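Heads up: the sequence shown runs through residues 1359 to 1878, numbered per the numbering used here. Note that CB positions come from ideal geometry on N, CA and C, so glycine has one too. All values reported here derive from a predicted model rather than from experimental measurement. See structure below.
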Amino acid sequence: GRSRRSISELMDIRSDYANLEEDGQIRKVDPDEVEIGSIIVIRPGEKVPIDGIITEGSSTMNTAALTGESLPREVGPGDEVLSGFINTSGLLHVETTCEFDESTASKILDLVENASSRKSRSEQFITKFARVYTPAVCYSALALAVLPPVVRMLMGTAPEWGTWVYRALTFLVISCPCAIVVSIPLSFFGGLGGAGSQGILIKGSNFMETLASVRTVVFDKTGTVTKGNFEVTGVHHSPIEEGQLLEYTAHAEGHSSHPISLSLQRAYGKALRMDRVSDVEEIAGRGIRAVVDGHMVAAGNGKLMGDLGLEAAECHSTGTIIHTAIDGQYAGHIVIADQLKDNAAEAMRELKKAGVRKTVMLTGDTEKTARQVAGEVGIDEFHADLLPGDKVQLFEQILQENGGQGTVAFVGDGINDAPVLSRADIGIAMGALGSDAAIEAADVVLMDDDPAKIAKAIRIASRCMRIVKENIYFAIGVKLLCLLLGALGVANMWLAIFADVGVMVLCVLNAIRCLAVKNV
């Protein structure tokens, strides 16, 4: 079926060869033979066989098979490419970072194939039901064939064995549970395959069932609501020029690889000349001091300015404030903030439409920052200044307050949020492409950074559960009616065949609708 073809397509994106470059020669080898650190060549139109880092060349990558995104991704030297991507233009040289069996496409394939083994409560019930139902129906049919004729014989009337055996056979055909036993797992399997085609990997039908009943969604701010990329959002300079303030501050921070330092370098926009910098001194909990072009530059928080006997200017902007002093004189401050995801607010509105009653945000940021982010995005409740351990305790409290009113989902990046992800009724990892920790920790894996896919995943799961219930009610209803008619002798064998095969075909056709998720 189409859901199995979705898995076949995942298998198809695993290349069956790799172009290995050794001593200037390129030879085609089995991907299993490629060791970590080898150089492979990927030509236009070829699939990336193993995860790696581009060492030479630039191109565009078709990532639709993994992320569900139709827009190609531009890549160049230093960028990571993952197995399952398709090279669409340039010639690339890639240094492998893992073995074939540990590559992204292999792990995702294992994940999806194993998903069907994790049965939902509905499937478990149907399996147990069939174990009891089947022998009960067989004995009932036998009783219907034997008891009435025997009773008629004892009463001195014709037993009519043929009539009662025919009714028993009709009863037996009608009561066959194929429609339920076949269509229910197929519905879940179709839902899993359909979600996978949209870059949403659900680890089993049990999680599909849980996802459908989500009424509270808890977010970790960084990487889910925000991009996790710090950018300079304001430069307040006095008495020197804005460009000069950025230049001195960026050079003073130039030896650091901290995201704040990198954001200063991006805002400066030019290559740093670190030969202009000397006597760098990092001050724990304060900032940094360095000599730039012979000028003593101090950059850090308000406490650093206080240590220098300077009064830091008050700033009403939200974000991290970097104050800078040059030669003992206050020169201004720079505001650095995490950027909201472009469609974060729309994603929250879509969650409400999908039936989520409450959204909560947990963050280690200040209350001021958290309040602004929650207000701009439309999150109902937020908790700020949290340490990693605090998040687990607070999440436990949210679970208790929920009191069984639907399930509680946690959305994180799957790395530092693993304890909360595992504690949630259902853990959702966002932007997990290439992240082993995310795939391991979460129950649902979103392969890109689009928060709108959380609502889409809930809608897919809800639609799947609705179709499952439709099949159960329809199959049981028709069968009970036909069983009654069969026992009374009204139903014939043709009606019995319809109640068995016909109902099964209708339920299977209804289950196939679970695959149609593009516009859900």
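In this structure the segment 1728-1736 does not lie against the segment 1835-1850, because fewer than three pairs of beta carbons, one per stretch, are closer than 8 angstroms. Residue environment: Gly1548 is assigned as buried (16 or more neighbouring CB atoms within 10 Å of its CB, all protein chains considered).
A residue is called buried once 16 or more other Cβ atoms fall within 10 Å of its Cβ, and Val1433 is buried on that count.
Residues of the same chain with a CB within less than 6 angstroms of the CB of Ala1819, apart from the 5 flanking positions on each side, are Met1566, Leu1569 and Ala1570 in chain order. Rounded to the nearest angstrom, the gap between the Cα atoms of Leu1622 and Gly1660 is 18 angstroms. For secondary structure counted as the alpha helix (DSSP H) over 4 or more consecutive residues, the segment 1820-1856 holds these complete runs in sequence order: 1851-1855. Distance check between Val1540 and each of Ile1830, Phe1856, Val1875 and Cys1840 places Ile1830 closest, using alpha-carbon atoms only. Collapsing the DSSP output to three states places Gln1687 in a strand. Between Tyr1375 and Ala1869, the alpha-carbon positions lie close to 37 angstroms from each other.
At the C-beta level, Ile1692 and Leu1603 come within 9 angstroms of one another. Take the alpha-carbon of Gly1785 and the one of Gly1847: they are about 53 angstroms apart. Taking the C-beta atoms as reference points, Val1875 is found nearer than 9 angstroms to Ser1555. Per DSSP, the unbroken alpha helix (DSSP H) holding Met1862 starts and ends at Val1861 to Ile1870. When only Cα atoms are considered, Met1511 and Val1504 end up about 11 angstroms apart. Inclusion of Ile1538 and Cys1840 in the CB contact set at 9 angstroms is not warranted, their separation being larger than that value. Straight-line measurement puts the Cα of Ala1695 at about 35 angstroms from the Cα of Lys1561.
A Cβ-Cβ distance of about 19 angstroms is found for the pair Val1778 and Leu1559, leaving them out of contact under the 8 angstroms criterion. Contiguous beta strand (DSSP E) elements confined to the segment 1694-1765 occur at 1716-1720 and 1739-1741, taking only those with 3 or more residues.
When DSSP states are grouped into helix, strand and coil, Ile1598 belongs to the coil group. Here His1681 is buried: its Cβ has 16 or more other Cβ atoms, across all protein chains shown, within 10 Å. The Cβ atoms of Leu1449 and Arg1401 sit closer than 9 angstroms to each other. Residue state for Val1875 is assigned as coil, using DSSP reduced to three classes.
Contact between the segment 1580-1593 and the segment 1662-1681 is present: three or more C-beta pairs spanning the two stretches fall below 8 angstroms. In the DSSP assignment, Lys1661 falls within the unbroken alpha helix (DSSP H) covering Gly1660 to Asp1665. In the three-state scheme derived from DSSP, where H, G and I count as helix and E and B as strand, Lys1811 is classed as helix. In summary, Asp1771 is buried, with 16 or more beta-carbon neighbours lying within 10 Å of its beta-carbon over all protein chains present. Exclusion of the five residues before and after Gly1581 leaves Asp1771 as the residues of its chain whose Cβ lies within less than 6 angstroms of its Cβ.
Cβ neighbours of Ala1499 within its own chain (closer than 6 angstroms, five residues either side excluded): Ala1526, Phe1529 and Leu1530. The straight-line gap separating the alpha-carbon atoms of Gly1860 and Tyr1524 is approximately 20 angstroms.
Around the beta carbon of Arg1372, 16 or more other beta carbons sit within 10 angstroms, so the residue counts as buried. Here Pro1493 is exposed: its Cβ has fewer than 16 other Cβ atoms, across all protein chains shown, within 10 Å. For a cut-off of 8 angstroms, the C-beta gap from Gly1764 to Thr1521 is around 53 angstroms, too long to register as a contact. Closest by C-alpha distance to Glu1599, out of Ser1615, Gly1552 and Ala1689, is Ala1689. With 16 or more other Cβ atoms inside 10 Å of its own Cβ, Ser1441 counts as buried. Collapsing the DSSP output to three states places Ala1537 in a helix.
The beta carbon of Glu1453 lies closer than 7 angstroms to those of Gly1395, Ile1397, Gly1410, Ile1411 and Thr1413 in the same chain, with the five residues before and after it left out.
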